[in-house]
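In what follows, a structure is listed as structure tokens, so that the remarks can point back to it.
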Amino acid sequence: MSGNRERTYIMIKPDGVQRGLIGKIIQRFEDRGYKLIALKMQSATTEHLEKHYADLKGKPFFPGLIKYMASGPVVAMVWEGLDAVKTGRVMLGATNPLQSPVGSIRGDFCLAVGRNICHGSDSVDSAEKEIALWFPEGVTQYTSALDTWVFEN
Ligand code: GDP
Ligand code: MG
Numbered sequence: 001m002s003g004n005r006e007r008t009y010i011m012i013k014p015d016g017v018q019r020g021l022i023g024k025i026i027q028r029f030e031d032r033g034y035k036l037i038a039l040k041m042q043s044a045t046t047e048h049l050e051k052h053y054a055d056l057k058g059k060p061f062f063p064g065l066i067k068y069m070a071s072g073p074v075v076a077m078v079w080e081g082l083d084a085v086k087t088g089r090v091m092l093g094a095t096n097p098l099q100s101p102v103g104s105i106r107g108d109f110c111l112a113v114g115r116n117i118c119h120g121s122d123s124v125d126s127a128e129k130e131i132a133l134w135f136p137e138g139v140t141q142y143t144s145a146l147d148t149w150v151f152e153n
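Residue numbers (full-length UniProt numbering): 1 to 153.
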């Protein structure tokens, strides 16, 4: 089997929620064969968002980013499957939507870097940290009926 079974943290940002893109974004991960193991809608506090984006503290766009992310509810999700972290990022597209290929989520649905509708973990390490931050209650565990049709073993 090539690729590791991984978990990644994917989030639909407030603009994605407001623009009615929740279903479309979830559909892409389902269609690809990823398994949804956690999902909730949450209005995050500034303090929580500052923890999530701690690595970016000090960047000039940081205050605007926190304000944007706190401007409405987000949809927090954990998706599991082969190469979920890297392939999840490919499915989202580049940070700047204008550099995102058509066919990626950002490349199809948005234009501005500060309104790029979705988040995806950038490494297995940060995925585990982000999952722990957003889902301190833990994630679900179940066997998908599609498992043997999506994975070789
Ligand atoms: P990501 O992992 O692709 O989301 O990108 P980063 O972790 O580098 O940045 C986090 C988020 O901050 C991005 O998704 C953007 O919403 C925002 N961001 C990053 N760079 C810029 C920038 O240069 N200007 C503005 N306004 N926002 C930015
Ligand atoms: Mg990032």
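Even for Gly, the Cβ is constructed at its ideal location relative to N, Cα and C.
Return the first residue and the last residue of the alpha helix (DSSP H) that residue i is part of.
i: V74; result: Looking at the DSSP string, V74 is not in any alpha helix (DSSP H); the run it does join, the beta strand (DSSP E), is V74 to L82.
i: K57; result: Looking at the DSSP string, K57 is not in any alpha helix (DSSP H), and its letter there is neither H nor E.
i: V150; result: D147 to V150
Please report how far the alpha carbon of residue i lies from the alpha carbon of residue j, in whole angstroms.
i: T140; j: L56; result: 30 Å
i: R5; j: I131; result: 16 Å
i: L21; j: N153; result: 33 Å
i: G72; j: Q27; result: 22 Å
i: G58; j: L65; result: 12 Å
i: N116; j: A70; result: 14 Å
i: Y142; j: I37; result: 8 Å
i: Y68; j: T148; result: 41 Å
i: E80; j: F61; result: 31 Å
i: S43; j: V17; result: 11 Å
i: E33; j: L82; result: It is worth fixing the name first, because residue 33 is Gly in this sequence and not Glu. Roughly 9 Å separates the two Cα atoms.
i: E30; j: T46; result: 30 Å
i: K129; j: F135; result: 10 Å
i: A127; j: Q99; result: 24 Å
Does residue i come out as helix, strand or coil in the three-state DSSP assignment?
i: T140; result: coil
i: A127; result: helix
i: L21; result: coil
i: L111; result: coil
i: W134; result: helix
Apply the 10 Å Cβ neighbour rule to residue i and answer buried if 16 or more other Cβ atoms are within range, or exposed otherwise.
i: M11; result: buried
i: G88; result: buried
i: M1; result: In this predicted model, M1 has a pLDDT of only 42, less than 50, meaning its place in the structure is not dependable; the value taken from the coordinates is given anyway. So M1 counts as exposed.
For the beta strand (DSSP E) that contains residue i, what are its first and last residues?
i: G120; result: C118 to G120
i: G6; result: For clarity, residue 6 is Glu in the given sequence; the question names Gly instead. E6 -> beta strand (DSSP E) spans R5 to I12.
i: L39; result: K35 to Q42
Determine whether the Cβ of residue i lies closer than 9 Å to any Cβ atom of chain D.
i: G72; result: In the structure shown, chain D cannot be found, because there is only a single protein chain.
* Does the stretch 90 to 109 come close enough to the stretch 41 to 57 that 3 or more CB-CB pairs lie under 8 Å? -> no
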